[in-house]
Amino acid sequence: GEARRGEAAERRTQMWADHGTLLPLLLSTGFALFFFDLLLITARSYRLFLPKTARWHRVLGATYLAWLLLGFVDLHYKLLPRILFDAGLGVLGTFLTLTAAWGFPHHRKVKNEASGTLDAGATVTYSEMIEHSFYQGLNLLQILYLHIVEEMSSWRLNSQFEGKLARVMLALAVTSPWFIRSSFPVNRFSDNYIRKHGRPKTEAAERKGVGVWLIPLLYRLKKYQYVFYKHFLLHGLNLSVALADAGFNIVTKKYFKWYWLGLNTAYVMEFFLQTLVKRKKLSQSHMLGMQQLLMLVCTCATLPVLGHIRIPLALLSLILNFLRRGHDVQNTMFVIVVGWAWDRIIW
Numbered sequence: 212g213e214a215r216r217g218e219a220a221e222r223r224t225q226m227w228a229d230h231g232t233l234l235p236l237l238l239s240t241g242f243a244l245f246f247f248d249l250l251l252i253t254a255r256s257y258r259l260f261l262p263k264t265a266r267w268h269r270v271l272g273a274t275y276l277a278w279l280l281l282g283f284v285d286l287h288y289k290l291l292p293r294i295l296f297d298a299g300l301g302v303l304g305t306f307l308t309l310t311a312a313w314g315f316p317h318h319r320k321v322k323n324e325a326s327g328t329l330d331a332g333a334t335v336t337y338s339e340m341i342e343h344s345f346y347q348g349l350n351l352l353q354i355l356y357l358h359i360v361e362e363m364s365s366w367r368l369n370s371q372f373e374g375k376l377a378r379v380m381l382a383l384a385v386t387s388p389w390f391i392r393s394s395f396p397v398n399r400f401s402d403n404y405i406r407k408h409g410r411p412k413t414e415a416a417e418r419k420g421v422g423v424w425l426i427p428l429l430y431r432l433k434k435y436q437y438v439f440y441k442h443f444l445l446h447g448l449n450l451s452v453a454l455a456d457a458g459f460n461i462v463t464k465k466y467f468k469w470y471w472l473g474l475n476t477a478y479v480m481e482f483f484l485q486t487l488v489k490r491k492k493l494s495q496s497h498m499l500g501m502q503q504l505l506m507l508v509c510t511c512a513t514l515p516v517l518g519h520i521r522i523p524l525a526l527l528s529l530i531l532n533f534l535r536r537g538h539d540v541q542n543t544m545f546v547i548v549v550g551w552a553w554d555r556i557i558w
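212 is the number of the first residue of the sequence shown in my numbering; add one for each residue after it.
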């Protein structure tokens with residue numbers, strides 16, 4: 212039964228991932244346009260990487276950008292083992308956010324009206340940097356988990372039950388950081404578009420023009436993207452991998468590499484683009500256009516990955532989030548029990 216479910220997932224993803232479809236062309240074109248624009252702006256702004264202040268952050272920023280570009284090249288030419296690239300990307304991303312917090316201590320005093328980086332006058336706060344490090348750490352743990360699960364398919368285990376139990380324990384291990392989520396700052400997306408009395412939160416609402424509706428709309432879309440990511444592409448994918456058959460393999464699929472590169476690009480570029488705006492190297496309207504392009508391409512990149520996710524379990528995770536907010540580990544354990552019990556009954 213599990214094998215049949217895996218074959219069905221493979222067929223669903225093939226509809227999107229096959230080279231005869233438009234998706235690979237869309238992703239290649241979208242990311243190429245974004246990075247071509249970004250590299251032109253970065254080349255003109257190279258002096259931002261030279262000051263001695265926050266030197267480690269500037270060095271890691273340049274390294275991260277180069278490593279990210281290497282990942283896109285590796286999609287076609289396979290320059291290095293993928294686990295080496297993925298682990299390096301996760302480590303660089305985590306330390307990039309931490310060195311930003313350590314290198315710019317004066318950002319502790321920044322008091323924005325709301326969190327977020329889309330407003331022209333917004334400044335990335337210390338709490339946003341620290342919060343971001345939590346999610347970068349989750350990225351690192353998830354990609355290592357997926358690589359380990361792929362490697363486990365070659366292990367000799369006594370039974371399928373042992374293999375599934377091992378994957379479930381790993382899934383719970385990579386979910387365990389949610390136990391300490393409350394130790395990190397929380398910056399809510401809704402603070403950017405809702406006041407206590409229902410008025411728009413962003414400073415763009417105080418001006419005339421497209422920003423009155425565009426910026427609040429983008430913040431809403433980012434909120435929905437985050438909720439979708441958390442329960443489908445994070446918890447949902449981890450659970451689906453844990454409960455799948457032993458031959459489950461996604462991390463080396465080309466469409467997953469597209470998705471993973473897009474996710475990590477979006478995580479970092481939101482802050483870097485705002486820095487360029489603050490330093491007068493990029494106009495706000497230009498930045499908003501780049502953000503929209505990146506959001507569109509990254510959303511498209513998720514489509515093939517959804518074929519590997521057990522949607523009912525992801526929906527259950529989402530429902531539990533509203534019913535028992537702040538209990539991600541316990542909610543995940545419950546969803547695993549439900550999924551495993553369902554497999555025993557049906558198959």
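Each residue gets a CB set at the ideal place from its N, CA and C atoms; glycine is no exception.
Please read all numbers here as calculations on a predicted model, not as lab measurements.
- Message: Nearest by alpha-carbon distance to residue 497: which of 278, 426, 280 is it?
- Response: Minimum Cα distance to residue 497 is reached at 426.
- Chain-order list of residues whose beta-carbon lies under 6 Å from that of residue 232 (same chain, five-residue window excluded): none
- Task: Along the alpha helix (DSSP H) that carries residue 366, what are the first and last residues, could you check?
- Result: Looking at the DSSP string, residue 366 is not in any alpha helix (DSSP H), and its letter there is neither H nor E.
- Message: Between 275, 449, 443, 393, which has its C-alpha nearest residue 361's C-alpha?
- Response: 449
- Would you check if the distance between the CB atom of residue 504 and the CB atom of residue 429 is smaller than 8 Å? no
- For residue 556 versus residue 519, is the C-beta spacing smaller than 8 Å? no
- Task: Out of 352, 309, 349, 299, state which residue places its alpha-carbon closest to the alpha-carbon of residue 336.
- Result: Measuring from the Cα of residue 336, the nearest candidate turns out to be 309.
- Could you check what DSSP says for residue 262 in three-state terms: helix, strand or coil? Coil at residue 262, not helix or strand.
- Message: So residue 453 and residue 525 are supposed to be a Cβ contact under 8 Å. How far apart are they, rounded?
- Response: That pair is no contact at about 13 Å.
- Task: Give the secondary structure of residue 350 by DSSP, where H, G and I count as helix, E and B as strand, and everything else as coil.
- Result: Helix, per DSSP.
- Reference residue 358; option with closest CA among 239, 297, 489: 297
- Delimiting residues of the alpha helix (DSSP H) encompassing residue 490: Run containing residue 490: none; DSSP gives neither H nor E here.
- Just the Cα atoms here: how many angstroms apart are residue 493 and residue 481? Answer to the nearest angstrom: the Cα atoms are 13 Å apart.
- Task: Taking residue 347 and residue 305 to be in contact with their CB atoms under 8 Å, please state how far apart those CB atoms are, rounded to whole angstroms.
- Result: 4 Å
- With DSSP as the reference, label residue 551 as helix, strand or coil. Correct three-state label for residue 551: helix.
- N- and C-terminal bounds of the alpha helix (DSSP H) containing residue 294: 293–314
- Task: Let me know if residue 268 comes out buried or exposed under the rule of 16 or more other beta-carbons within 10 Å of its beta-carbon.
- Result: buried
- Message: What does the alpha-carbon distance come out to for the pair residue 473 and residue 254?
- Response: 22 Å
- Message: So residue 307 and residue 479 are supposed to be a Cβ contact under 8 Å. How far apart are they, rounded?
- Response: 7 Å
- Message: Out of 514, 506, 499, 376, which one is the CA nearest neighbour of residue 432?
- Response: 506
- Item | For residue 283 and residue 273, believed in contact at Cβ under 8 Å, the rounded distance | Going by Cβ atoms, the distance from residue 273 to residue 283 rounds to 16 Å, so no, they are not a contact pair.
- Reduced DSSP secondary structure (H/G/I, E/B, other) of residue 248: Here residue 248 sits in helix by DSSP.
- Message: Between 521, 392, 258, which has its C-alpha nearest residue 343's C-alpha?
- Response: 392
- Query: On the three-state DSSP scale, how would you describe residue 438?
  - Reply: helix
- Buried or exposed by the 16-neighbour rule on C-beta atoms within 10 Å, applied to residue 293: buried
- Item | Top-ranked residue by Cα proximity to residue 559, from 551, 550, 477 | Missing from the structure shown is residue 559; the chain here goes from 212 to 558 and no further.
- State the start and end residues of the unbroken alpha helix (DSSP H) segment that holds residue 381. 371–386
- Can you say whether residue 386 is buried or exposed, counting buried as having 16 or more other CB atoms within 10 angstroms of its CB? With 16 or more other Cβ atoms within 10 Å, it is buried.
- Task: Would you kindly work out how many angstroms separate the C-alpha atoms of residue 311 and residue 550, rounded to a whole number?
- Result: Their Cα atoms are separated by approximately 41 Å.
- Chain-order list of residues whose beta-carbon lies under 7 Å from that of residue 237 (same chain, five-residue window excluded): 511
- Tell me which same chain residues have a C-beta within less than 7 Å of the C-beta of residue 421, skipping the five on either side of it? With a pLDDT of only 49 at residue 421, under 50, the local geometry of the prediction cannot be trusted, and no value is derived from it.
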